[in-house]
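Visitor: Under UniProt numbering, the first residue of the sequence shown carries the number 1, and numbering increases by one thereafter.
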Amino acid sequence: MANKILILSLILLIFCSCSKLNLFEEEGDYTETRYEFTAITQIKNLNTFTIEIVQDDEEYLLLKGGENVLKEATISFSDQEIILDHQYQNWTRNYDLITAEIHLKDLQTITIDSPAEISSNGTLNGDNLYIDITADAELVEMNLTLDYASMKFHSHGSVSGGYEFAGICPLANYTLNGITNIKSSNLQSKTISIGQNGIGEAHVWAEEKLNVTIYNIGNIYYKGNPEIEITKVQINNQSPTAKVLPE
1 MANKILILSL ILLIFCSCSK LNLFEEEGDY TETRYEFTAI TQIKNLNTFT
51 IEIVQDDEEY LLLKGGENVL KEATISFSDQ EIILDHQYQN WTRNYDLITA
101 EIHLKDLQTI TIDSPAEISS NGTLNGDNLY IDITADAELV EMNLTLDYAS
151 MKFHSHGSVS GGYEFAGICP LANYTLNGIT NIKSSNLQSK TISIGQNGIG
201 EAHVWAEEKL NVTIYNIGNI YYKGNPEIEI TKVQINNQSP TAKVLPE
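Here you go:
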């Protein structure tokens with residue numbers, strides 16, 4: 001009898017805890033919440049979102065989703081950075097991700113610390129763009145159209161996903177780890193540098209120079225007729241056997 005009471009008590013405790021965490025709560029009616037800001041140049045994502053980036057003369061964030069989901073969202077600003085987070089969980093079903101539609105004048109940095117879907121609505125342009133995909137991001141899908149003087153992309157740890165870029169970027173630098181698949185055959189570049197330390201593939205368009213440092217097995221495919229320089233480096237027990245091949 002005592003064991004049954006103990007088990008019942010544990011079940012009630014778990015249920016109460018889950019209720020507080022919204023693990024069984026429905027998403028609620030669709031709603032939109034607008035946040036105004038100024039002079040934001042950096043986006044940081046700390047939880048699962050669908051992120052749409054729009055270059056605009058106006059600057060604001062539009063959150064879209066179920067009302068019970070949006071009330072768990074935390075939007076904060078630090079210096080020139082907007083930080084996206086939420087605490088919503090539901091174990092009974094896969095809820096629709098919150099959509100964060102971000103309008104800004106000048107995008108310089110994207111930092112992804114959690115799984116996300118990121119896209120641009122129209123072309124993003126500027127001087128320099130840095131994209132940082134941390135190991136905590138795990139799985140990311142990205143699709144951006146760019147017109148920048150230079151871009152630096154860095155994925156860390158065992159992160160995976162597909163990263164598609166189009167447009168114009170004369171100077172591009174990629175540091176690749178994990179299963180990072182780069183799809184940049186439609187991003188016109190003059191000079192590209194790649195550090196390949198992963199097992200994903202990279203597809204790029206280089207018109208003049210392609211510098212590749214190989215640490216692992218992920219192949220690099222190129223478009224254009226660039227001068228190619230390849231360096232292979234042995235680290236740990238990895239096999240620097242990736243190939244650099246024309247598409």
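Beta carbons are placed, not taken as given, at the ideal position from N, Cα and C, and that holds for glycine.
Counting C-beta neighbours from all protein chains within 10 Å, is the total for T231 16 or more, i.e. buried, or is it exposed?
Guide: As a first step, residue 231 must be located in the sequence shown, where it is residue number 231. Burial call: exposed.
Visitor: Which runs of the beta strand (DSSP E) spanning at least 3 residues fall entirely within the region 130-194, listed in chain order?
Guide: Here the runs fully enclosed are 139-155 and 160-168.
Visitor: Taking DSSP as the reference, what is the three-state secondary structure of L245?
Guide: Numbered from 1 along the sequence shown, position 245 holds the residue referred to as residue 245. Reduced to three states, the DSSP call for L245 is strand.
Visitor: Find the nearest neighbour of S114 within the set K243, T134 and Q55, judged by alpha-carbon distance.
Guide: Indexing the sequence shown from 1 puts residue 114 at position 114. Out of K243, T134 and Q55, T134 has the C-alpha closest to the C-alpha of S114.
Visitor: Pull up the DSSP beta-bridge partners for S81, would you.
Guide: Stepping through the sequence shown from its first residue, residue 81 is reached at position 81. Sequence inspection shows Glu at residue 81; the Ser mentioned does not correspond to that position. DSSP, once it has assigned bridges, lists Q42 and S78 as partnering E81.
Visitor: Would you kindly work out how many angstroms separate the C-alpha atoms of L104 and N236, rounded to a whole number?
Guide: Taking the first residue of the sequence shown as position 1, residue 104 is located at position 104. Taking the first residue of the sequence shown as position 1, residue 236 is located at position 236. Taking the straight line joining both Cα atoms gives about 43 Å.
Visitor: Which same chain residues end up closer than 7 Å to N197 when comparing Cβ atoms and leaving out the 5 residues on each side of it in sequence?
Guide: Position 197 of the sequence shown, counted from the first residue, corresponds to residue 197. L176, N177, Y215 and N216.
Visitor: Cβ of I112 less than 8 Å from any chain D Cβ?
Guide: The displayed structure is made up of one protein chain only, and chain D is not part of it.
Visitor: Quick one: residues in its chain with C-beta nearer than 6 Å to the C-beta of Y221, no 5 flanking neighbours on either side, listed in chain order?
Guide: Taking the sequence shown and counting its residues from 1, one reaches residue 221 at position 221. Here the set comprises H203, L245 and E247.
Visitor: What is the residue span of the alpha helix (DSSP H) that E208 lies within?
Guide: Taking the first residue of the sequence shown as 1, we reach residue 208 at position 208. Note, E208: premise wrong, no alpha helix (DSSP H); beta strand (DSSP E) at A202 to I214.
Visitor: Determine the DSSP secondary structure at E52, reduced to helix, strand or coil.
Guide: If you number the sequence shown from 1, residue 52 lands on position 52. Strand.
Visitor: With a cut-off of 8 Å on the beta carbons, I'd call E67 and T99 a contact; round off their distance for me.
Guide: Here the question's residue 67 lines up with position 67 in the sequence shown. Here the question's residue 99 lines up with position 99 in the sequence shown. Not quite, the Cβ-Cβ distance comes to about 14 Å (not below 8 Å), so this is no contact.
Visitor: Given this structure, state the Cα-to-Cα distance separating Y60 from A39, to the nearest angstrom.
Guide: In the sequence shown, the residue the question calls residue 60 occupies position 60. In the sequence shown, the residue the question calls residue 39 occupies position 39. If you take the alpha carbons of Y60 and A39, they lie about 10 Å apart.
Visitor: Buried or exposed: S76, going by 16 or more other Cβ atoms within 10 Å of its Cβ?
Guide: As a first step, residue 76 is located in the sequence shown; it is residue number 76 there, counting from the start. The residue in question, S76, is exposed, as its Cβ has fewer than 16 Cβ neighbours within 10 Å.
Visitor: How is E117 classed by DSSP in three states: helix, strand or coil?
Guide: Walking along the sequence shown from the start, residue 117 turns up at place 117. Strand.
Visitor: Does the Cβ of E138 have 16 or more other Cβ atoms within 10 Å, making it buried, or fewer, making it exposed?
Guide: Working through the sequence shown from its first residue, we reach residue 138 at position 138. It is buried - the Cβ of E138 has at least 16 other Cβ atoms within 10 Å.
Visitor: Please look up how many angstroms separate the CB atoms of G157 and V140, rounded, as I've assumed it's under 8 Å.
Guide: For this step, residue 157 is matched to residue 157 along the sequence shown. For this step, residue 140 is matched to residue 140 along the sequence shown. So it is not a contact: roughly 12 Å between Cβ atoms.
Visitor: Cutting at 6 Å between CB atoms, please list the residues of its own chain near I192, excluding the five before and the five after it.
Guide: The count along the sequence shown starts at 1 and reaches residue 192 at position 192. Excluding residues within five positions, the ones whose Cβ falls inside 6 Å are A172, V204, A206 and L210.
Visitor: Measuring CB to CB, does V54 end up less than 8 Å from I102?
Guide: Here residue 54 is taken as the residue at index 54 of the sequence shown, counted from 1. Here residue 102 is taken as the residue at index 102 of the sequence shown, counted from 1. Result yes, Cβ atoms of V54 and I102 sit closer than 8 Å.
Visitor: Quick one: give me the first and last residue of the beta strand (DSSP E) that E229 is part of.
Guide: For the purposes of this step, residue 229 is identified with residue 229 of the sequence shown, where counting begins at 1. Segment E227 to K232, the beta strand (DSSP E) holding E229.
Visitor: Could you compute how far the alpha carbon of S239 sits from the alpha carbon of T111?
Guide: One-based indexing of the sequence shown puts residue 239 at position 239. One-based indexing of the sequence shown puts residue 111 at position 111. Looking at the two C-alpha atoms, the distance is approximately 29 Å.
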